[in-house]
Amino acid sequence: MNMSPATKADKKATVDAAAWMFNVVTSVGIIIVNKALMATYGFSFATTLTGLHFATTTLMTTVLRWLGYIQGSHLPVSELLRFVLFANFSIVGMNVSLMWNSVGFYQIAKLSMIPVSCFLEVMLDKMRYSRDTKLSIALVLLGVAVCTVTDVSVNAKGFIAAFIAVWSTALQQYYVHFLQRKYSLGSFNLLGHTAPVQAASLLLLGPFLDYWLTNKRVDNYQYSLISVMFIILSCTIAVGTNLSQFICIGRFTAVSFQVIGHMKTILVLILGFLFFGKEGLNLHVVLGMIIAVVGMIWYGNASSKPGGKERRSPALPINKSQKTDGLSESTEIDGKV
1 MNMSPATKAD
11 KKATVDAAAW
21 MFNVVTSVGI
31 IIVNKALMAT
41 YGFSFATTLT
51 GLHFATTTLM
61 TTVLRWLGYI
71 QGSHLPVSEL
81 LRFVLFANFS
91 IVGMNVSLMW
101 NSVGFYQIAK
111 LSMIPVSCFL
121 EVMLDKMRYS
131 RDTKLSIALV
141 LLGVAVCTVT
151 DVSVNAKGFI
161 AAFIAVWSTA
171 LQQYYVHFLQ
181 RKYSLGSFNL
191 LGHTAPVQAA
201 SLLLLGPFLD
211 YWLTNKRVDN
221 YQYSLISVMF
231 IILSCTIAVG
241 TNLSQFICIG
251 RFTAVSFQVI
261 GHMKTILVLI
271 LGFLFFGKEG
281 LNLHVVLGMI
291 IAVVGMIWYG
301 NASSKPGGKE
311 RRSPALPINK
321 SQKTDGLSES
331 TEIDGKV
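This is the structure in structure tokens:
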């Protein structure tokens, strides 16, 4: 029996909301756990920790494949290596950018990912935005900037690190959506292909990069029961974060993922004020939060209307020889978002 269009739309909206909440909860959770791990327990090896995250994710996808929940699928080696290159440059670039730049400039760099993602969609996907969609994105950017941007100082090497981080992150997120469409890959399948290569490369590179950034060696760290438990908790939450990112970008596209993703920035600020004191909570932060939330609601309405956000050319052809694995999130996203 076929579902009516209204029922199908309601079901999609429910699954979209669930995917988004999954991403928000895991993303905010991992920020809080990693903050405790690094600030309280002195485990400042961010790249090595990310390698451990992907190793745990690889373990999960291996078990799911063994249990039969993930079917065999194909991703050409050239596409896989290109994705991993963008993803690893994104991770390393963000870590280095945070290290070399002021918090204010780091936040501006993160905000610039939205216009960069828009540029990639317009150039590569021939996407077209309505005036309301463009204005709503501008309002979100303004609100988050008012909330988060404080001191803005920049130096040449910090600017280069931020530039690499922003472009590689935008390309990686665009590529998640592109590969899911082109090869009919579900989120688990794409993670199954990419996580092992990312884990291996980051675990090899991580200790050297972390030593370069912090002048501390991961093998000299004094592990305790509590710090090991926090590392395990971080890795466990990271599996959900990695999976939910792929699900969300598969369902929404990279620009929508970035726009609504700033809701996480606001949640982190609110939780920070609740858990760590109210001294940073002032009128301009509250005003920025209100502007950003209004912008996000406007973006949701504007981009879902006819002509709000659509491709000018036919959607990317799906490779019919690939199995869909019963995961439909990658096939529902062409046209409007």
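All residue numbers for the sequence shown refer to full-length UniProt numbering, where the first residue is 1 and numbers rise by one. A virtual CB, placed ideally from N, CA and C, is assigned to each residue, including glycine. These numbers come from a predicted model, not from an experiment.
Nearest-angstrom Cα separation, counted from residue j out to residue i
{"i": "ASN34", "j": "THR26", "result": "12 Å"}
{"i": "LYS110", "j": "GLU79", "result": "26 Å"}
{"i": "VAL154", "j": "VAL116", "result": "20 Å"}
{"i": "SER44", "j": "PRO306", "result": "47 Å"}
{"i": "TYR221", "j": "VAL268", "result": "28 Å"}
{"i": "TYR174", "j": "THR253", "result": "7 Å"}
{"i": "LEU202", "j": "GLY51", "result": "5 Å"}
{"i": "LYS11", "j": "LEU124", "result": "30 Å"}
{"i": "VAL63", "j": "ARG131", "result": "47 Å"}
{"i": "LEU171", "j": "LEU185", "result": "18 Å"}
{"i": "LEU191", "j": "PHE22", "result": "16 Å"}
{"i": "HIS53", "j": "GLN71", "result": "23 Å"}
{"i": "ILE91", "j": "THR194", "result": "14 Å"}
{"i": "VAL103", "j": "ALA302", "result": "31 Å"}
{"i": "MET289", "j": "GLY300", "result": "17 Å"}
{"i": "SER112", "j": "LEU243", "result": "24 Å"}
{"i": "LEU287", "j": "ALA13", "result": "29 Å"}
{"i": "GLY68", "j": "HIS74", "result": "16 Å"}
{"i": "VAL152", "j": "THR61", "result": "41 Å"}
{"i": "residue 349", "j": "ILE32", "result": "Past the boundaries of the shown model lies residue 349; the chain is included only from 1 to 337, so the question cannot be answered."}
{"i": "ILE160", "j": "ILE232", "result": "33 Å"}
Cut-off 7 Å between Cβ atoms - residues of its own chain near residue i, not counting five sequence neighbours on either side
{"i": "ILE30", "result": "SER234, ILE237, ALA238, THR241"}
{"i": "VAL255", "result": "ILE114, SER117, CYS118, GLU121"}
{"i": "TRP167", "result": "VAL116"}
{"i": "ALA36", "result": "PHE230"}
{"i": "PHE89", "result": "ILE164, SER168"}
Reference residue i; option with closest CA among the options
{"i": "GLN107", "options": "ASP210, ALA165, VAL149, LYS8", "result": "VAL149"}
{"i": "SER97", "options": "HIS193, ILE226, ALA162", "result": "ALA162"}
{"i": "VAL293", "options": "ASN23, ILE137, GLN198", "result": "ILE137"}
{"i": "PRO196", "options": "PHE257, LEU81, PHE89, SER112", "result": "LEU81"}
{"i": "ALA156", "options": "ASN189, LYS134, ASN101, MET127", "result": "ASN101"}
{"i": "VAL85", "options": "VAL218, ILE232, VAL176, ARG217", "result": "The amino acid occupying residue 85 in the given sequence is Leu; Val does not appear at that position. The residue with the shortest Cα to Cα distance from LEU85 is VAL176."}
{"i": "ALA200", "options": "ALA13, THR56, ILE32, ILE160", "result": "THR56"}
{"i": "ASN189", "options": "LEU287, THR58, ILE32", "result": "THR58"}
{"i": "ILE291", "options": "ARG181, ILE160, ALA145, PHE159", "result": "ALA145"}
{"i": "LYS182", "options": "MET60, ILE32, THR61, PRO76", "result": "PRO76"}
Integer Cβ distance of residue i from residue j, believed to fall under 8 Å
{"i": "GLN198", "j": "ALA87", "result": "6 Å"}
{"i": "CYS147", "j": "VAL285", "result": "5 Å"}
{"i": "VAL28", "j": "LEU271", "result": "7 Å"}
{"i": "ARG311", "j": "MET127", "result": "6 Å"}
{"i": "MET99", "j": "LEU213", "result": "5 Å"}
{"i": "ILE249", "j": "PHE257", "result": "5 Å"}
{"i": "PHE105", "j": "LEU179", "result": "Not really, about 31 Å apart at Cβ, beyond 8 Å."}
{"i": "LYS309", "j": "TYR129", "result": "5 Å"}
Same chain only: Cβ atoms within 6 Å of residue i, ignoring 5 sequence neighbours per side
{"i": "ALA165", "result": "GLY93, MET94, SER97"}
{"i": "GLY295", "result": "SER136, LEU139, VAL140, GLY143"}
Contact set for residue i: own chain, Cβ-Cβ below 8 Å, skip 5 residues either direction
{"i": "TYR41", "result": "SER224, ILE226, SER227, PHE230"}
{"i": "ALA16", "result": "Note on residue identity: the sequence assigns Asp, not Ala, to residue 16. Result list for ASP16: ARG251, PHE252, in chain order."}
{"i": "ASP219", "result": "PRO207"}
{"i": "TRP298", "result": "ASP132, LEU135, SER136, LEU139"}
{"i": "LYS216", "result": "SER44, PHE45, ASP210"}
{"i": "ARG65", "result": "GLY192"}
Test: residue i CB closer than 9 Å to a CB of chain C
{"i": "LEU225", "result": "Protein chains in the displayed structure number just one, and chain C is not present."}
Examine the Cβ distances between the region 135 to 149 and the region 250 to 270 and report whether three or more of them are shorter than 8 Å. The answer is yes - the region 250 to 270 touches the region 135 to 149, with three or more Cβ pairs under 8 Å.
Could you tell me whether the region 44 to 53 touches the region 203 to 210, where touching means 3 or more Cβ pairs closer than 8 Å? These segments touch.
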